[in-house]
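Residue numbers (this note's numbering): -18 to 367. Below is one structure, written out as structure tokens, with a few remarks after it.
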Ligand SMILES: *Cc1c(COP(=O)(O)O)cnc(C)c1O
């Protein structure tokens, strides 16, 4: 998108969210998994992009399902007007499941205790449940004897008309490493679990295993439905899969602000806390009013870059809570000039992945952490005029 010339006035920084790019990314993912239903994953406020707006856009694009972690997130979608199929897969102790079940939200059970919580929720409607299998991630879900116990309990409850087993699912630990043998091992463990469930007479309509990486690289695990998160936001699931452009994806978020202060300093000027950056020569410093209090990574101190007036410029010194200093060199700049921290890259600005690499983390964290004072703005219908 081409952002307006004048940067934000409502807050110190804004996250422009390009919903056209989002829908285009879902289309790319649909093409990668044409026979599966598509679940757009909008947990954690749609990875920082705003769950209600993104969810509406996902439905526009034809996503049959939405996926979230908590039932509270699912209820936020309902309050935002969504009425379609939604799965909330996390089952924290003490969660009040009834309002979500009564709002037609599917829930997950990854242990007998979680199944008991569903059965005892007090919901008026019959719960729709997805059984969660641990095929090798060792996070949630059942394996071994616990798997048999959960499956039997679910069968009994379904026979008694107390719930409907809609799905069986699992999650891959190494999908962003397509050559890892763990993927095949998990794929086989999942097939075994589905077989065991069928042997008990339970054949749910939805078997699902794939995240973004597996949607893009491993058709054998697409099954009935794929759960796509990070790639839908135009980020690569991992360096081994290539850049967003390699994958045909467009980054959805542009994080931008404006220079709050510009000044010339002599060589030898120590910058920000601890003076971890010292100017080597006379240079121009620019201040931007955004920091780790807004979700910027402090670990990006002295390593990440931003984009100002067509130039890539370095973060100078530590990222502070509310402010960051940029070394603009001799780039002409004035207070009020636009600064892009990351974006789609079509003007040469860094990608979220560049920030991730600079800070030793993953792109997921770069976008998902943003919050606080950052104002989100939606720019649909404004693809870049290149
Ligand atoms: C977050 C999540 C996804 C989406 O993963 P991406 O790598 O972002 O595509 C899918 N399934 C489950 C269970 C998840 O927790």
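Beta carbons are placed, not taken as given, at the ideal position from N, Cα and C, and that holds for glycine. None of these values were measured; they are calculated from a predicted model.
Using the three-state DSSP reduction, which class does residue 319 fall into: helix, strand or coil? Along the chain shown, one-based indexing puts residue 319 at 338. In this structure, residue 319 counts as strand in the three-state DSSP scheme.
Rounded to whole angstroms, how far is the Cβ of residue 221 from the Cβ of residue 159, which I believe are closer than 8 Å? The sequence position of residue 221 within the chain shown is 240, counting from 1. The sequence position of residue 159 within the chain shown is 178, counting from 1. Rounded, the Cβ-Cβ distance is 7 Å, consistent with contact.
Could you check whether residue 342 and residue 309 sit closer than 7 Å to each other, using their CB atoms as the reference points? Start at 1 with the first residue of the chain shown, and residue 309 comes out as number 328. Start at 1 with the first residue of the chain shown, and residue 342 comes out as number 361. Contact: no.
Separation of residue 141 from residue 101, as counted between CA atoms: For the purposes of this step, residue 101 is taken as the residue at position 120 of the chain shown. For the purposes of this step, residue 141 is taken as the residue at position 160 of the chain shown. The straight-line gap from Cα to Cα measures roughly 14 Å.
When every heavy atom of ligand 1 is checked, does at least one fall within less than 6 Å of the C-beta of residue 211? For this step, residue 211 is matched to residue 230 along the chain shown. At least one heavy atom of ligand 1 is nearer than 6 Å to the Cβ of residue 211, so yes.
Opening and closing residue of the alpha helix (DSSP H) in which residue 125 lies: Working through the chain shown from its first residue, we reach residue 125 at position 144. Start and end: 125 to 140.
Taking C-alpha atoms, which residue in 332, 55, 37 and 164 lies nearest to residue 200? What you label residue 200 is simply residue 219 of the chain shown in a count that begins at 1. The shortest Cα separation from residue 200 among 332, 55, 37 and 164 belongs to 164.
Comparing the C-beta of residue 27 with each C-beta of chain C, is any distance below 7 Å? Among the protein chains of the structure shown there is no chain C, as only one such chain exists.
Using the three-state DSSP reduction, which class does residue 70 fall into: helix, strand or coil? Locating residue 70 in the chain shown gives position 89, counting from the first residue. Looking at residue 70 - three-state DSSP - the assignment turns out to be coil, as it is neither helix nor strand.
Mind checking whether residue 124 and residue 183 have CB atoms under 7 Å apart? Start at 1 with the first residue of the chain shown, and residue 124 comes out as number 143. Start at 1 with the first residue of the chain shown, and residue 183 comes out as number 202. For residue 124 and residue 183, no; Cβs fall outside 7 Å.
Alpha-carbon to alpha-carbon, residue 323 and residue 236: Translated into positions along the chain shown, residue 236 becomes position 255. Translated into positions along the chain shown, residue 323 becomes position 342. Using only the alpha carbons, I get a separation of about 5 Å.
If you draw a straight line from the alpha carbon of residue 253 to that of residue 350, how long is it in whole angstroms? For the purposes of this step, residue 253 is taken as residue 272 along the chain shown, with counting starting at 1. For the purposes of this step, residue 350 is taken as residue 369 along the chain shown, with counting starting at 1. Going from the Cα of residue 253 to the Cα of residue 350 covers about 23 Å.
Quick test of the definition: if touching needs 3 or more C-beta pairs under 8 Å, does the stretch -7 to 9 touch the stretch 261 to 281? yes
So, are the CB atoms of residue 109 and residue 87 less than 7 Å apart? Residue numbering aside, residue 109 sits at position 128 when the chain shown is read from its first letter. Residue numbering aside, residue 87 sits at position 106 when the chain shown is read from its first letter. Between residue 109 and residue 87, the CB-CB gap stays under 7 Å.
Cβ atoms of residue 17 and residue 203: under 7 Å apart, would you say? Position 222 of the chain shown holds residue 203. Position 36 of the chain shown holds residue 17. Yes, the Cβ-Cβ distance between residue 203 and residue 17 is below 7 Å.
Across which residues does DSSP place residue 203 in a beta bridge pair? As a working note, residue 203 is residue 222 in the chain shown. Note: residue 203 sits in no beta bridge, so no partner.
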